[in-house]
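Number of protein chains: 2
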Amino acid sequence: MNKIVLICPERNDVSKWVESFKKENNNIEVEIYPNDTDREQTEFVATWNPPADAFEKFPNLKVIASMAAGVKHITSKKIPNNVKVTRVKDDYLNYDLSYFVLNALLNYLRDMPLYFQHQEEKIWDRQAYQRPEDVTVGILGFGNIGQAIGKLLLKNDFKVLGWSRSKKDVEGIETFKEDELNTFLSKSNVLVCMLPHTPETEDILNQELFQELPKGTYLINVGRGAHLQEEDFLEALANGQLSGAALDVFKTEPLPKEHVFWNHDKITITPHTASITNPATIVPKMVENFQRMQNNEPLKDEVDLEKGY
Amino acid sequence: MNKIVLICPERNDVSKWVESFKKENNNIEVEIYPNDTDREQTEFVATWNPPADAFEKFPNLKVIASMAAGVKHITSKKIPNNVKVTRVKDDYLNYDLSYFVLNALLNYLRDMPLYFQHQEEKIWDRQAYQRPEDVTVGILGFGNIGQAIGKLLLKNDFKVLGWSRSKKDVEGIETFKEDELNTFLSKSNVLVCMLPHTPETEDILNQELFQELPKGTYLINVGRGAHLQEEDFLEALANGQLSGAALDVFKTEPLPKEHVFWNHDKITITPHTASITNPATIVPKMVENFQRMQNNEPLKDEVDLEKGY
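Note that the protein sequences, when read in sequence, are chains A and B.
Residue 1 is where the first sequence starts when you use UniProt numbering, and the numbers rise one by one after that.
Residue 1 is where the second sequence starts when you use UniProt numbering, and the numbers rise one by one after that.
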């Protein structure tokens, strides 16, 4: 049966997705949960933040495809036995995240948040600035995306370090593995969090980690809000252990109006905008995996459910 | 006579300059105008914004060295016959200006001025963004600094165009010469002004020029405030011919409190901070020219007084 069901209750408008599927392969029927039909015949679903009980309604499900970066929204739910999960490896995801991080870094080096505030107050006051060549950026989470970020920063004259569970080999970048975390942290003037969201990485940005950083390190979080222990973070800003932060992700999104982050003068907030998923680049890969499933071929970008990413 | 006189009435603190000279060559005596002595013996002065009559007080003057980028502050004064003028070619000047422009571009592509404003108002509202690969940046003034900017932008995936009086040859960059200005303008999504300040370039950013740009072009001025015809510029912002601007230089600096630019929501203001001159990198080149003068050798980075740069 040539059918894909989209399960994304938070999205009001999925027309761009439907359009992209039609454009990629007109023979595939796309239905939208919960208004889909003949569930016994559905083998492939694409989803973002599915309801907890959604998957069990498909007795012959074979593949769950994530519609954006991150799979925690899937792996935190009950996944039926023998069902495979795929994740998004969008080339533009890497591209967009990398330029977002570069921008956050340059804004930090040049004190742009202060200048925007000064403009508001009509204050003319030059600040000394830092140069890329004098700054060491540690990338926490050095998989596919982390390495793309690292390469762009390297090209822009930053010194780059990468940390991941298993040691990676990237030219020009000093890499560290699981048990070398503290050494990695001690050398980072800026810490970029690009970890996957797993039980082990939850609240990993906490006091214990911050105290291993050089005093005054700047934090950029483009991973997940769940990585940040918020009380420890505010304390680290208060005592100068961290000099500031650019946050694009939050425990609750949209960030609630009453949250203290909004008005904190050492925090720059963007509304989870580092990379906005583009159906046109993701759908072709989903269709490819759909066909691989039909042909009993190995899937691309399959998630290791043990590891959680 | 081993003496250099500094003429920079606007600077209260020249200690870093004096220190740098001492460090570079301890045999050179440095005196500060107007408290300098034995003017008949002074052959070499270094200056920023000298008084109009300063040079004629030195009957045996041979060389006037600019203490920062730009020589208009010298060439607009009366220069005695046969006195040579040198300008600053600081490697970090190129480096710092290039990263400043890259940062201004990324902030524009990502709508960062709007996000800073939204944070103030606790508004969570994602904007679509542009990618470097989809943006063509025209650099108006494609000399030494303009080319450095162009190369950095090219490395970061922007399409780059360069315009200068005489055509330059830089790999990967489409260049235009004097009479091709309108073609160059018609292809630029972002216009970066990096011109020298001469009588011909004064007020060059005016209505006539703006109307040759595609509608909605973004302007980055890191040249001089004198390049911008302010009424025409405000009109171009109002009618959408320009979508916005990042200005680092102004006709009057500091920008007066009552100036309309401060509160304009399409203008990002920085206080002439794209590149801050560092005596430690400029003084060695001044000392080299001082010695070349003593040995009757050709000077480095000499200004063509006919052209004005």
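Positions of the beta carbon are idealized from the N, C-alpha and C atoms, including for glycine.
Check your understanding: In its own chain, which residues sit with a C-beta less than 6 Å from the C-beta of ASP91/B, not counting the 5 before and 5 after it?
Key -> none
Exercise for review: Quick one: measure Cβ to Cβ for ARG39/A and LYS62/A, integer angstroms, because I've assumed they're closer than 8 Å.
Suggested key: About 13 Å separates the two Cβ atoms, so there is no contact after all.
Exercise for review: With a 10 Å radius around its C-beta and 16 neighbouring C-beta atoms as the bar for buried, classify PRO80/B as buried or exposed.
Suggested key: exposed
Review point. Buried or exposed: ASP96/B, going by 16 or more other Cβ atoms within 10 Å of its Cβ?
Key: buried
Point to revise | Closer than 8 Å to chain B by CB, ILE269/A | key: yes
Review point. Going by other Cβ atoms of all chains shown within 10 Å of its Cβ, with 16 needed for buried, is ASN295/B buried or exposed?
Key: exposed
Check your understanding: What are the complete alpha helix (DSSP H) segments, minimum 4 residues, inside the segment 30 to 107 of chain B?
Key -> 72 to 75
Review point. In terms of residues, what are the limits of the beta strand (DSSP E) holding ILE123/B?
Key: Taken as a continuous stretch (DSSP letters only), ILE123/B belongs to no beta strand (DSSP E), as it is neither H nor E.
Exercise for review: Could you name the residues of chain B that ILE4/A contacts, counting a contact when the two beta carbons are closer than 8 Å?
Suggested key: Per Cβ cutoff of 8 Å: no residues; ILE4/A is ~26 Å from chain B at best.
Practice item. For ASP203/A, I'd like the list of residues in its chain whose CB is within less than 6 Å of its CB, leaving aside the five on either flank, ordered along the chain. Key: GLN229
**Study point:** Neighbourhood of VAL287/A by C-beta distance below 6 Å, restricted to the same chain and skipping five residues each side
**Key:** GLU24 and ASN25
Point to revise | Contacts of ARG11/B in chain E (Cβ-Cβ under 9 Å) | key: Checking the listed chains, one finds no chain E in this structure; the protein chains it contains are A and B.
Review point. What's the gap between the Cα of GLU174/A and the Cα of GLY70/A?
Key: 26 Å
Exercise for review: Within its chain, find whatever has a CB closer than 8 Å to the CB of PRO254/B; leave out the 5 residues flanking it on each side and keep chain order.
Suggested key: PRO271
Exercise for review: Go to ILE145/A, then tell me how far its alpha helix (DSSP H) extends in each direction, as first and last residue.
Suggested key: 144 to 155
Check your understanding: LYS155/A to ALA274/B, Cα distance in whole Å?
Key -> 21 Å
Check your understanding: Could you give the distance in angstroms between the alpha-carbon of PHE100/A and the alpha-carbon of PRO256/A?
Key -> 23 Å
Review point. Quick one: is GLN127/B near chain A, going by C-beta distance under 8 Å?
Key: yes
Review point. Closest Cβ-Cβ distance between TYR108/A and chain B: below 8 Å?
Key: no
Check your understanding: DSSP state of ALA236/B, grouped into three classes?
Key -> helix
Check your understanding: Per DSSP, ALA245/A forms a beta bridge with which residues?
Key -> LEU219/A and ILE267/A
Exercise for review: Please list the partners that ARG131/A has in chain B, where partner means a Cβ-to-Cβ separation under 8 Å.
Suggested key: TYR92, TYR95, ASP96 and TYR99
Review point. In whole angstroms, what is the alpha-carbon distance linking SER15/A and PRO51/A?
Key: 20 Å
Check your understanding: Rounded to a whole number of angstroms, what is the C-alpha to C-alpha distance between LYS168/A and LEU102/A?
Key -> 21 Å
Point to revise | Buried versus exposed, by CB contacts within 10 Å (16 or more), SER20/A | key: buried
Exercise for review: Can you pull the chain B residues whose beta carbon is under 7 Å from the beta carbon of TYR115/A, in chain order?
Suggested key: THR270
Exercise for review: Could you name the residues of the same chain whose beta carbon sits closer than 6 Å to that of TYR218/A, not counting the 5 residues immediately before and after it, in chain order?
Suggested key: TYR108, VAL190, SER243 and GLY244
Point to revise | Under 9 Å from the C-beta of GLN229/A: neighbouring residues of chain B | key: Those within 9 Å of GLN229/A in chain B number zero; the least Cβ separation is about 22 Å.
Review point. With 8 Å set as the bound, which would you pick, yes or no: does the beta-carbon of LYS155/A sit closer than that to a beta-carbon of chain B?
Key: yes
Point to revise | Per DSSP, the bridge partner or partners of VAL137/A | key: VAL160/A and VAL190/A
**Study point:** Residue-level contact to chain B via CB, GLN211/A, 8 Å cutoff
**Key:** no
Review point. With respect to the beta strand (DSSP E) encompassing VAL303/A, which residues constitute its N-terminal and C-terminal limits?
Key: Note, VAL303/A: premise wrong, no beta strand (DSSP E); not H, not E.
Point to revise | Extent of the continuous beta strand (DSSP E) to which THR175/A belongs | key: 174 to 176
Practice item. Check the Cβ of LEU102/B against every Cβ in chain A and list those closer than 7 Å, keeping chain order. Key: LEU106
Review point. When the Cα of GLU10/B is compared with those of HIS73/B, ASP111/B, LYS22/B and ASN2/B, which residue comes out closest?
Key: HIS73/B
Check your understanding: GLN119/B touches chain A at which residues, Cβ-Cβ below 8 Å?
Key -> TRP262, THR268 and ILE269
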